[in-house]
Amino acid sequence: MDTLKIGELATLADCPVETIRYYEKETLLPEPTRSQANYRLYGARHVERLQFIRHCRSLDMTLDEVRELLRLRDAPEQNCGEVNALLDKHIGHVAQRIEQLKALQGQLHVLRAQCDADQPSRDCGILQGLANLPDDVKPANLGSHGGGCH
């Protein structure tokens, strides 16, 4: 029986109300029933599905990856080979991201080494280095790996 209002679901799942609405809009959560006063009413299936989504997101999975896992989960008789393949691909993205972060850390150490004394900011090697980055140093996009929303 669907008896939870959106705020109660948000509290139960430790998730902002706006996120729940967004997941509904993205069709990751099934549409809730409505009360006579037109309040959204959620049940155990919503709680469980929202927790599944949140667990996936905590592993830095994109919404497209979550959507695919939900599709596979909703077909319990299907072979889980696609799940394994999806996770293997995600592991590859994480490994790539780790390498990018290591390169970023190296760049930051080089930049930090450009100023090792308290001095006027006009003479700060870090600020000068940030203003004059070489052309071969491009800002890395470390936020996403699949074009999906994080």
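Residue 125 in this note's numbering sits at position 125 of the sequence shown, with consecutive numbering throughout. Ideal Cβ placement from N, Cα and C applies to all residues, glycine included.
Burial state of residue i, where buried means 16 or more other Cβ atoms lie within 10 Å
i	result
residue 56	buried
residue 109	exposed
residue 10	buried
residue 13	buried
residue 59	exposed
residue 4	buried
residue 91	exposed
Beta bridge counterpart(s) of residue i as assigned by DSSP
i	result
residue 70	Partner(s): none; residue 70 has no beta bridge.
residue 34	40
residue 4	42
Beta-carbon proximity check, residue i vs residue j, cutoff 8 angstroms
i	j	result
residue 28	residue 86	no
residue 74	residue 42	no
residue 15	residue 50	yes
residue 104	residue 126	no
Presumed contact (8 angstroms Cβ cut-off) between residue i and residue j, rounded CB distance
i	j	result
residue 54	residue 6	That belief does not hold up - the Cβ atoms of residue 54 and residue 6 are roughly 15 angstroms apart, past 8 angstroms.
residue 24	residue 31	7 angstroms
residue 72	residue 82	6 angstroms
Residues near residue i in its chain [Cβ-Cβ closer than 8 angstroms; skip 5 each side]
i	result
residue 128	114
residue 130	111
residue 148	In this prediction, residue 148 scores a pLDDT of 43, lower than 50, which makes its location untrustworthy; the coordinate-derived value is nonetheless stated afterwards. Contacts found: 62, 63, 64 and 65.
Residues near residue i in its chain [Cβ-Cβ closer than 6 angstroms; skip 5 each side]
i	result
residue 98	none
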